[in-house]
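What follows is a short report on a single structure.
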Amino acid sequence: MISAISPLQHGFARNRSCITQLLRVLHSIGQNLDQNIQTDILYLDFAKAFDSVDHSLIVTKLKCYGVKGRMLNWFQDNLTNRTQRVVMNGVASDWTLCYFRCSSG
Numbered sequence: 002m003i004s005a006i007s008p009l010q011h012g013f014a015r016n017r018s019c020i021t022q023l024l025r026v027l028h029s030i031g032q033n034l035d036q037n038i039q040t041d042i043l044y045l046d047f048a049k050a051f052d053s054v055d056h057s058l059i060v061t062k063l064k065c066y067g068v069k070g071r072m073l074n075w076f077q078d079n080l081t082n083r084t085q086r087v088v089m090n091g092v093a094s095d096w097t098l099c100y101f102r103c104s105s106g
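When the letters of the sequence shown are read in order and numbered with our numbering, they come out as residues 2 to 106.
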């Protein structure tokens with residue numbers, strides 16, 4: 002399987018965390034300050050990005066990265082033909098197919 006995870010990825014990677022990423026950034030900033038090198042920082046929040054991606058595209062991308070067999074089947078089962086409904090004050094809406102969002106909580 003092709004590694005789709007950058008070696009610079011720290012969240013959700015073995016022996017790495019958001020803290021190790023922060024330490025790496027602070028170290029780089031310190032080095033640049035010592036050498037009078039300008040440092041620019043851009044922060045992006047991708048927390049809701051997954052909610053806007055078509056599930057079939059995720060499965061297709063996983064295939065391109067060499068994910069197959071039971072692992073691919075697990076993703077397909079969890080992303081395909083998902084349904085949801087809302088229950089409010091004991092009254093439930095009709096079930097509807099989910100094409101984009103994922104379950105959470």
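For glycine and all other residues, C-beta sits at the position ideal for the given N, C-alpha and C.
Small disclaimer: the values here were computed from a predicted structure and weren't measured.
Exercise. So does the stretch 64 to 72 actually touch the stretch 87 to 97, counting three or more Cβ pairs closer than 8 Å?
Worked result: Inter-segment contact for the stretch 64 to 72 and the stretch 87 to 97 is absent: fewer than three beta-carbon pairs are separated by less than 8 Å.
For this session: May I ask which residues mark the beginning and end of the beta strand (DSSP E) holding Arg83?
Result: Per DSSP, Arg83 belongs to the beta strand (DSSP E) from 83 to 85.
Exercise. Expressed to the nearest angstrom, what Euclidean distance is found between the alpha-carbon atoms of Gly106 and Thr61?
Worked result: Note that Gly106 scores a pLDDT of 44, beneath 50, so its modelled location is shaky; the value from the coordinates is reported in the next line. In this structure, the CA atom of Gly106 is about 26 Å from the CA atom of Thr61.
Exercise. So the beta strand (DSSP E) Thr97 belongs to, where does it begin and stop?
Worked result: Residues 97 to 99.
Exercise. Apart from the five residues just before and just after Cys19, which ones in its own chain have a Cβ nearer than 6 Å to its Cβ?
Worked result: Excluding sequence neighbours, Cys19 sits near Gly12.
Exercise. Closest Cβ-Cβ distance between Thr81 and chain C: below 7 Å?
Worked result: The structure shown contains no chain C, having only a single protein chain.
Exercise. In three-state DSSP terms, what is Gly106?
Worked result: Because the pLDDT at Gly106 is just 44, under 50, the model does not fix this residue reliably, and the point stays unresolved.
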